[in-house]
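Below: the structure, in structure tokens.
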Amino acid sequence: MKKNIFFVKYLITAKDYKQAKTKAFDICVEQTIEFPFHLVKKNFIKKFITGKIISLKQISKNLFSVLIQYNKLTIGTDFTQFLNVIFGNSSIKKGIKVEKIYPSDEIIKIWKGPAFGIKGIRKILNVYKRPVLCTAIKPMGLTSKELANLAYKFAYGGIDIIKDDHGLANQKFAPFKQRIKMVCAAVKKSGKKCLYAPNITADTTDEIIRRALFAKKCGAGALVISPGLTGFAIINELANKIKINLPLLFHPAFLGSFTVNKTSGISHYALYGQLARLCGADIAIFPNFGGRFSFTKKECKEIDNACKDKMANIKKIFPAPGGGMTLDKIPYLKKFYGNDVIFLIGGALIDAGPDIIENCKKFKKLILY
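This note's numbering applies: residue 1471 is where the sequence shown begins, and numbers increase by one.
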């Protein structure tokens, strides 16, 4: 693959090949120059800036696959502009879906991707031959002390990663700084190897960075952030520029509308797998099939593959299915995802029985066999 170009595969709905080709060329123009192509005088713009159709083929009735080439010159060094070129104005149009992204090694060098990935997180936890166990402290409304008590039980019971629920922010009932101090202390008190991941999602980049640094100072072992709320680029900022040196959990809040439509938006593969990796996340959280959300087995397997498929020289990351998962499903899910997965079970871990510590031990036992 040439160093200074990257490719994006789109799915296009059209009545015939001619309409599909027109629509594909419209994407080439809309995503780059956004200017009438016949008015372009400079050959440089035509040759290097405007997107190019590499292939176009029909895959079913009214559905076409197009591969479009873009030049690195169109994105500069900003991850946000990379997203803009992939699916800026075209995201407003019906019948266009980003299916897969093909970045070159040269593109990857700009942002570097995740700092840890699967291997790095396994090394931190000293867990190599089994899935990783994760849960969340919740519900919203508990005090910092109550959340810390819950975290202690989770850690003592053998959970590897305890994350803030994505709804925990800086509310009066559990202020950010107070909560982080108390939960970090509780996890440390357990004496177990466990990473606490506070939610650092906030309004501004400065505040996100302040919360990240504060959490690290208190002893947090990872961080949760929702790029659908904050923007994707801050994850890269934390992973590779500020070098916060903590694993980053990508939460899907506010991103759902990108994937619910079959013919528009972004594929599960590209959004929850590829973009999560490219922006620098180490763990991609997503709703598992069979839970309270609508993801299918096929879509979850696509995410799992996207987290691990070769993509230039970028690290593989952990898929973290959650959302309505229960303990009885763990044996089957282990077969479905394999060992390189983080199982995220929240409310069901508390609902499994009156003794939370024993519930956690049962969770761990299930993934060992």
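Yeah, the Cβ is synthetic: ideal placement off N, Cα and C, and Gly gets one too.
Item	Value
Own chain partners of residue 1588 with C-beta closer than 6 Å, once the 5 adjacent residues on each side are dropped	1786, 1788, 1810
Run of the beta strand (DSSP E) containing residue 1641, from where it starts to where it stops	Element bounds for residue 1641: n/a, residue is neither H nor E.
Residue 1594 versus residue 1797: straight-line alpha-carbon distance, rounded	25 Å
Same chain, Cβ closer than 6 Å to residue 1650, neighbours up to 5 away in sequence not counted	1668, 1685, 1688
Nearest residue (CA-CA) to residue 1608, options 1599, 1618, 1602	1618
Candidates 1734, 1535, 1581: closest to residue 1709 by CA position	1581
Cα-Cα separation between residue 1585 and residue 1602, rounded to whole angstroms	18 Å
Coil, strand or helix - residue 1792 by DSSP	strand
Beta bridge counterpart(s) of residue 1541 as assigned by DSSP	1475
The region 1515-1531 in contact with the region 1696-1713 per 3-pair CB rule at 8 Å	no
Residues near residue 1576 in its chain [Cβ-Cβ closer than 7 Å; skip 5 each side]	1473, 1474, 1542
Straight-line Cα distance separating residue 1658 from residue 1501	49 Å
Three-way DSSP call (helix, strand, coil) for residue 1502 in this model	coil
Contact set for residue 1566: own chain, Cβ-Cβ below 7 Å, skip 5 residues either direction	1480, 1482, 1497, 1560, 1734
Local Cβ density within 10 Å of residue 1828, reported as buried at 16 or more and exposed below that	exposed
Minimum length 4: unbroken alpha helix (DSSP H) runs contained in the region 1663-1726	1675-1688, 1697-1700, 1703-1706
Stretch pair the region 1545-1555 + the region 1713-1724: three plus CB contacts closer than 8 Å	no
DSSP state of residue 1574 mapped onto helix, strand, coil	coil
Integer-rounded CB distance, given that residue 1759 should sit under 8 Å from residue 1741	Their Cβ separation, rounded to whole angstroms, is 16 Å, which puts residue 1741 and residue 1759 out of contact at 8 Å.
Spatially closest choice to residue 1610 from 1604, 1620, 1638, by CA coordinates	1638
Neighbour-count burial assignment, residue 1504, 16 or more Cβ in a 10 Å radius	exposed
Counted within 10 angstroms of its Cβ, other Cβ atoms place residue 1774 as buried (16 or more) or exposed	buried
Close Cβ partners of residue 1782 (< 6 Å) along its chain, the five nearest in sequence each way excluded	1573, 1575, 1578
Inside the region 1764-1789 only - beta strand (DSSP E) runs reaching at least 3 residues	none
Candidates 1546, 1509, 1527, 1476, of which the one nearest residue 1540 by Cα	1476
Which listed residue (1569, 1558, 1521) has its alpha carbon closest to that of residue 1534	1569
Whole-angstrom distance between residue 1630 and residue 1441, CA atom to CA atom	Outside the shown range of the chain (1471 to 1839) lies residue 1441, about which nothing can therefore be said.
Whether residue 1725 touches residue 1692 by CB criterion (8 Å)	no
CB contact flag (residue 1705, residue 1750, <8 Å)	yes
Between the CA atoms of residue 1536 and residue 1486 - distance to the nearest angstrom	13 Å
Distance between residue 1626 and residue 1548 (C-alpha atoms, nearest Å)	42 Å
Under the three-state DSSP convention, the category residue 1487 falls into	helix
Proximal residues to residue 1524 (C-beta, below 6 Å), its chain only, five neighbours per side dropped	1537, 1539
Residue environment, residue 1778, which counts as buried when at least 16 other CB atoms sit within 10 Å	buried
Beta-carbon proximity of residue 1743 to residue 1754, cut-off 8 Å	yes
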